[in-house]
Amino acid sequence: MKYVLIIHEVEDYQAWKKVFDNAADIRKEAGEISYQVLKYENDANKIVHFSVWTSHENAKSFFESPKLVQIRKEAGVKAPDFIYLDQLESGVL
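For the sequence shown, position 11 (counting from the first letter as 1) is numbered 10 according to numbering that gives the first Met the number 0, and the numbering increases by one without interruption.
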């Protein structure tokens, strides 16, 4: 499994979420398999998007595309930080 962790601040969560939801089909076509959206405990506009992808190459191509750069601007995203991760281990306690 290939994971992507994105941490970013948005101008308005509700406006961002609408754009995020509308992009579900293009995210899926690009190779996103599943996702979680989290927020910082005390800041509803500080968002963490954690997702599983078919490959890091697919994720990078998607997130670095001019189309996504424009979508992020429209969604009010401020300076996203992309972290590409490989799983070493998982478990349930």
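In this text, a Cβ means the ideal position worked out from N, Cα and C, and glycines have one as well.
None of these values were measured; they are calculated from a predicted model.
Neighbourhood of residue i by C-beta, 6 Å cutoff - its chain only, sequence neighbours within 5 removed
i	result
Val76	His7 and Val9
Ala43	Tyr12
Glu37	According to the sequence provided, residue 37 is Leu. The question's Glu does not apply to it. Contacts found: Val47.
Span separating the alpha-carbon of residue i from that of residue j
i	j	result
Val51	Leu84	10 Å
Tyr39	Val68	23 Å
Lys72	Lys27	20 Å
Lys66	Tyr34	20 Å
Distance CB(residue i)-CB(residue j) smaller than 7 Å
i	j	result
Leu4	Phe61	no
Trp15	Ala78	no
Lys17	His55	no
Gly30	Thr53	yes
Residue range of the unbroken beta strand (DSSP E) whose run includes residue i
i	result
Val76	Val76 to Asp85
Asn44	Asp42 to Trp52
N- and C-terminal bounds of the alpha helix (DSSP H) containing residue i
i	result
Asn21	Tyr12 to Asn21
7 Å Cβ shell around residue i - same chain, five flanking residues per side excluded
i	result
Asn57	Ala29 and Gly30
Phe81	Val3, Ile5 and Phe62
Ile70	Val18 and Ala22
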